[in-house]
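In our numbering, the protein residues as written are 137 to 434. In this text, a Cβ means the ideal position worked out from N, Cα and C, and glycines have one as well. Quick caveat: nothing in here was measured; it's all calculated off a predicted structure.
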């Protein structure tokens, strides 16, 4: 069922599942959009966690102008250099070994992961290459009350020393050449909605206060709730699509099922406040300084 948000804006929202994902219609991201249109898109994003806009022909200036309506932009990436003249851009290019084929929330190995991500599809393989997102808030809500109460008190260390596929060994070397670690609450409170959601993913390495095996078991147990199919939506890309996701309440997985075919997208992200746990305690950086990235400073 398609819903029209604020009829005079022309923005339509078509949910894709009962828990996560919607297609936004009536929005030209390259146009000069009014505040009410941006507010309608933001409301849909907060509600559905990830939203999709079809047939968007944007250049870098237009993409950054659109994304900046949702907040100040971060730099392109805390580790990799941005393309010349495009400081806010992260190129997701399969020729460069950029394949995020593990469940993760973006950049949780830093103290302030981005709030929102805007990924514009430029080249897609003839088959495969879908992306799956999970709703970390409904996953948390689905856990037994005793487990939620337990998770509310946990802290987890996230690191950029994470798992990659065998054919991304070269990129892995660059990725971990400078170590980054951050300690986050296992359950974070959303700064806008107040929802509680799981903060996990492939960068999560150990639970504070627990031995290595117990840490792995705890993370795996909670991750199983996060990745249950009922909490997910799968998107089949077309060139020109924009996916916008709330990085504060989702995890995602870019499926690497397209072999050596070419896949490329361009991502920009929005600055977020430091995550805060149920007890009000914020995340903390343990290793590495990413303050320039997180504040958008050149």
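Since residue i is in the beta strand (DSSP E), which residue starts that stretch and which ends it?
| i | result |
| --- | --- |
| residue 343 | 340-343 |
| residue 369 | 368-371 |
| residue 252 | 252-259 |
| residue 386 | 386-390 |
| residue 166 | Where residue 166 is concerned, there is no enclosing beta strand (DSSP E), given that its DSSP letter is neither H nor E. |
| residue 422 | 420-423 |
In this structure, does DSSP put residue i in helix, strand or coil?
| i | result |
| --- | --- |
| residue 350 | helix |
| residue 302 | Caution applies to residue 302, whose pLDDT of 44 falls short of 50 and renders its modelled position unreliable; the model cannot decide the point. |
| residue 295 | strand |
| residue 211 | coil |
| residue 205 | helix |
| residue 365 | helix |
| residue 200 | helix |
| residue 333 | strand |
| residue 230 | helix |
| residue 317 | strand |
| residue 241 | coil |
| residue 402 | strand |
| residue 149 | strand |
I believe residue i touches residue j by the beta-carbon criterion, under 8 Å. Please report the beta-carbon distance rounded to the nearest angstrom.
| i | j | result |
| --- | --- | --- |
| residue 270 | residue 387 | 5 Å |
| residue 294 | residue 411 | Not really, about 11 Å apart at Cβ, beyond 8 Å. |
| residue 173 | residue 163 | 6 Å |
| residue 206 | residue 178 | 6 Å |
| residue 278 | residue 361 | 6 Å |
| residue 421 | residue 247 | 4 Å |
| residue 201 | residue 385 | No, residue 201 and residue 385 are not in contact; Cβ-Cβ is about 25 Å, not under 8 Å. |
Would you mind stating whether residue i and residue j have Cβ atoms separated by less than 9 Å?
| i | j | result |
| --- | --- | --- |
| residue 265 | residue 391 | yes |
| residue 229 | residue 399 | yes |
| residue 318 | residue 245 | yes |
| residue 203 | residue 406 | yes |
| residue 250 | residue 210 | yes |
| residue 335 | residue 359 | no |
| residue 232 | residue 402 | no |
| residue 156 | residue 180 | no |
For the alpha helix (DSSP H) containing residue i, name the first residue and the last one.
| i | result |
| --- | --- |
| residue 278 | 272-278 |
| residue 283 | 281-287 |
| residue 174 | 171-184 |
| residue 429 | 427-431 |
When the Cβ atoms of the stretch 369-376 are set against those of the stretch 276-287, are three or more pairs found closer than 8 Å?
no
Taking one C-beta from the stretch 354-369 and one from the stretch 209-223 each time, how about it: are there three or more such pairs within less than 8 Å?
no
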